[in-house]
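In the working numbering, the protein residues as written are -19 to 200.
Presented below is the structure to which this report refers.
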């Protein structure tokens, strides 16, 4: 057991089956002790808003310091637990590729899902149906690029799991919003989702999410 694992448990603010699942998976994969604090989006507690005044998940409190933004939290966890192998050496070519895809899924893919789930935020008094259709078109164009990458790679950054895969796998579970047409069109997305969950420790992070049972084994 590493010294990091003996530290005081972190407080993890989490909304089930949301983008914060990627952080939950990283916490599980690194063996980081933590307390899950469920967030009610309709009734956000004062404690949660003190941690993140924007009221968004994920959020983490470590040694009294608040950490927000899923990609940043996971990079911090990966740096804190290099033995987990969630990111390669960032100065290497493999590290550059892993960073590229990490920022792609958080900065390019994630905002499209937000537009699809909340079209009213982007059209004011306008046509939400048109806003949804535009978001869906952008979503499919983005997954087309991802699927092309996965056609020749087990994981999005290459041969090994990286942080980008944790969030990408979580997003694929939202395909019900588009009538499950993502995995129907690109079976490699389903294969990637299942491959990520089968990695040591990761399935425990997905347990209780997206309809999976709570008592999920470490290897799916």
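Where is the CB? At the ideal position from N, CA and C, for every residue including glycine.
- Nearest to residue 12 by C-alpha distance, out of 159, 40, 160 and 85, is 40.
- Counting only runs of 4 or more residues that sit fully inside the stretch 139 to 194, the alpha helix (DSSP H) segments are 143 to 152, 161 to 165, 167 to 177 and 182 to 186, in chain order.
- With distances taken between CA atoms, residue 169 lies nearest to 124 out of 124, 178, 59 and 192.
- The Cβ atoms of residue 81 and residue 137 sit closer than 8 Å to each other.
- Residue 104 and residue 155 have their C-alpha atoms spaced approximately 25 Å apart.
- Within its own chain, the residues whose Cβ lies closer than 7 Å to the Cβ of residue 16, once the five positions on either side in sequence are excluded, are -8 and -6, listed in chain order.
- Going by DSSP, residue 48 is part of the beta strand (DSSP E) stretching over 45 to 48.
- Residue 98 sits exposed, since fewer than 16 C-beta atoms from the chains shown fall within 10 Å of its C-beta.
- For the set 147, 161 and 53, the Cα lying nearest the Cα of residue 42 is the one of 53.
- Residue 107 is classed as exposed because its beta carbon has fewer than 16 other beta carbons within 10 Å across all chains shown.
- The continuous beta strand (DSSP E) containing residue 40 extends over residues 39 to 42.
- Its Cα nearest to that of residue 193, the residue -4 stands out among -11, -12, -4 and 20.
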